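Under UniProt numbering, the residues of the sequence shown are numbered 1 to 361, in order.
Note that the Cβ used here is the ideal one computed from N, Cα and C, for glycine as well.
Note that the structure is predicted; figures quoted are calculated from it, not measured.
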Amino acid sequence: MAPLSVFRVALLVSFSVFLTVVLGFGLPALLNAVMRMLGLPETSVTECIVVLYLGFVLYVATPRIPRGLVEVKGKAVFITGCDSGFGNALAKHLHRLGFTVFAGCLLKDKGGEGAKELEEFHSDRMRVVQLDVCSEEQVNQAVEYIKDNLEDSERGLWAVVNNAGVSTFGEVEFTSMDTYKQVSEVNLWGTIRVTKAVLPLIRRAKGRVVNLASMYGRMGNVMRSPYCVSKYGVEAFSDCLRYEMKTWGVKVSIIEPGNFIVATGILTRDIVATTANKLWNEAPPNVKEDYGKAHFEQHMALMRSYCNSGQKEVAPVLDDITDAIMSKHPYTRYNPMEPHWWIRTQVMTHLPGAISDLLYF
Numbered sequence: 001m002a003p004l005s006v007f008r009v010a011l012l013v014s015f016s017v018f019l020t021v022v023l024g025f026g027l028p029a030l031l032n033a034v035m036r037m038l039g040l041p042e043t044s045v046t047e048c049i050v051v052l053y054l055g056f057v058l059y060v061a062t063p064r065i066p067r068g069l070v071e072v073k074g075k076a077v078f079i080t081g082c083d084s085g086f087g088n089a090l091a092k093h094l095h096r097l098g099f100t101v102f103a104g105c106l107l108k109d110k111g112g113e114g115a116k117e118l119e120e121f122h123s124d125r126m127r128v129v130q131l132d133v134c135s136e137e138q139v140n141q142a143v144e145y146i147k148d149n150l151e152d153s154e155r156g157l158w159a160v161v162n163n164a165g166v167s168t169f170g171e172v173e174f175t176s177m178d179t180y181k182q183v184s185e186v187n188l189w190g191t192i193r194v195t196k197a198v199l200p201l202i203r204r205a206k207g208r209v210v211n212l213a214s215m216y217g218r219m220g221n222v223m224r225s226p227y228c229v230s231k232y233g234v235e236a237f238s239d240c241l242r243y244e245m246k247t248w249g250v251k252v253s254i255i256e257p258g259n260f261i262v263a264t265g266i267l268t269r270d271i272v273a274t275t276a277n278k279l280w281n282e283a284p285p286n287v288k289e290d291y292g293k294a295h296f297e298q299h300m301a302l303m304r305s306y307c308n309s310g311q312k313e314v315a316p317v318l319d320d321i322t323d324a325i326m327s328k329h330p331y332t333r334y335n336p337m338e339p340h341w342w343i344r345t346q347v348m349t350h351l352p353g354a355i356s357d358l359l360y361f
């Protein structure tokens with residue numbers, strides 16, 4: 001993980017102290033009972049609390065410990081979804097660091113601005129390729145292009161970054177099955193399709209697979225079921241792949257960004273308005289009647305409020321992807337997100353559902 005900001009570290013350490021104090025009132029009695037059951041002296045309770053506290057602090061501090069970097073020279077990276085957002089910025093960033101970048105762009109053949117911007121580098125280390133991750137043919141053509149243009153094909157491809165993705169929203173009963181399929185086709189099946197195609201090259205290099213998931217690949221939320229389903233799938237695929245690739249020396253990492261709506265422009269008021277009209281117009285009559293227009297508009301207002309929210313810079317995500325590619329010992333998961341989202345993720349993934357539901361829904 002990239003070095004954490006001083007503010008985030010201070011907040012997380014403060015949270016750990018608060019948690020320790022709160023648990024301090026009930027935990028000793030619980031641990032005393034456990035000690036009695038195990039036949040151990042009750043004086044060990046204090047030591048147990050200290051160990052738990054130190055463990056949490058180390059969890060916060062560990063990402064700041066240097067873990068060594070690999071040599072960049074001669075290494076190539078394939079990035080999907082480079083038309084805009086994270087992918088476009090990452091292609092430029094890795095090129096500056098000295099990598100050869102194969103940037104997959106959906107709109108290259110249609111003169112897309114993002115592809116043009118990257119082509120204007122006029123560099124042998126910046127190769128822009130046409131890529132629709134939903135097309136088996138285009139994926140295979142892109143991989144053949146990479147093979148033909150690697151500096152040393154015997155060394156293979158150092159890393160693939162599966163960044164291409166789409167986002168949408170809508171309550172379950174307002175969302176069509178086609179929408180679920182379309183979102184998963186890009187976010188999940190696109191990731192699997194590209195990974196399978198390049199894996200022989202990655203194995204040859206003992207390289208890296210970096211998959212962009214989301215905090216919504218770890219927890220659900222209202223209005224986000226199509227997106228959550230696809231990102232949960234990315235998480236599961238990445239975990240299984242990591243187990244399988246260990247024998248080959250390939251490292252698999254998952255990036256779980258928080259709210260970067262402003263930074264990427266992935267959700268605007270125009271997009272909300274267009275999506276809202278489509279959801280309402282295509283909803284079954286009985287669903288419209290049961291939910292009512294007022295309920296629907298309330299949720300659309302909530303989505304509009306998100307348009308100006310989130311982090312304004314993509315740097316935290318770029319830093320974590322770079323660490324996953326360059327660190328000698330990359331992490332399994334990276335969480336570039338604001339502190340309150342990080343805390344919410346921990347609460348929803350570690351505490352009983354009854355508690356997290358009460359706190360957030």
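| Asked | Found |
| --- | --- |
| To the nearest angstrom, how far is it from the Cα of Ser309 to the Cα of Leu11? | 20 Å |
| Exposed or buried, which one is Asn140 when buried takes at least 16 other CB atoms within 10 Å? | exposed |
| To test your reading of the DSSP string, which unbroken beta strand (DSSP E) runs of 3 or more residues are found completely within the region 100-149? | 100-105 and 126-130 |
| Would you mind sorting Lys251 into buried or exposed? The rule is 16 or more other CB atoms within 10 Å of its CB. | buried |
| Should Asn286 go down as buried or exposed, given a rule of 16 or more other Cβ atoms within 10 Å for buried? | exposed |
| For Ala315 and Val166, what's the separation of their Cα atoms in angstroms? | 20 Å |
| Taking Val160 as the reference, which of Gly170, Asn335 and Ile146 has the closest Cα? | Ile146 |
| Is it the case that the Cβ atoms of Asn162 and Arg127 are separated by a distance below 7 Å? | no |
| Using the DSSP secondary-structure output, state which residues sit across from Val160 in a beta bridge. | Phe78 and Val209 |
| So if DSSP puts Lys251 in a beta bridge, which residue, or which two residues, is it bridged to? | Arg208 |
| May I ask which residues mark the beginning and end of the alpha helix (DSSP H) holding Val229? | Ser225 to Met245 |
| Would you list the one or two residues that DSSP bridges to Arg36? | DSSP lists no partner for Arg36. |
| Indicate, with yes or no, if the ligand NAD has a heavy atom lying under 6 Å from the CB of Ala91. | Although the ligand NAD was asked about, the structure shown includes no ligands whatsoever. |
| Take Met300 and list the residues in its own chain whose beta-carbon comes closer than 6 Å to its own, dropping the five residues that flank it on each side. | Ala276 |
| So with Cβ pairs under 7 Å, would you call Ala115 a contact of chain D? | The structure shown has no chain D; it contains just one protein chain. |
| So, with DSSP's three-state summary, where would you put Ser176? | coil |
| Check the DSSP bridge columns for Arg333 and list the partner residues they point to. | Ile254 |
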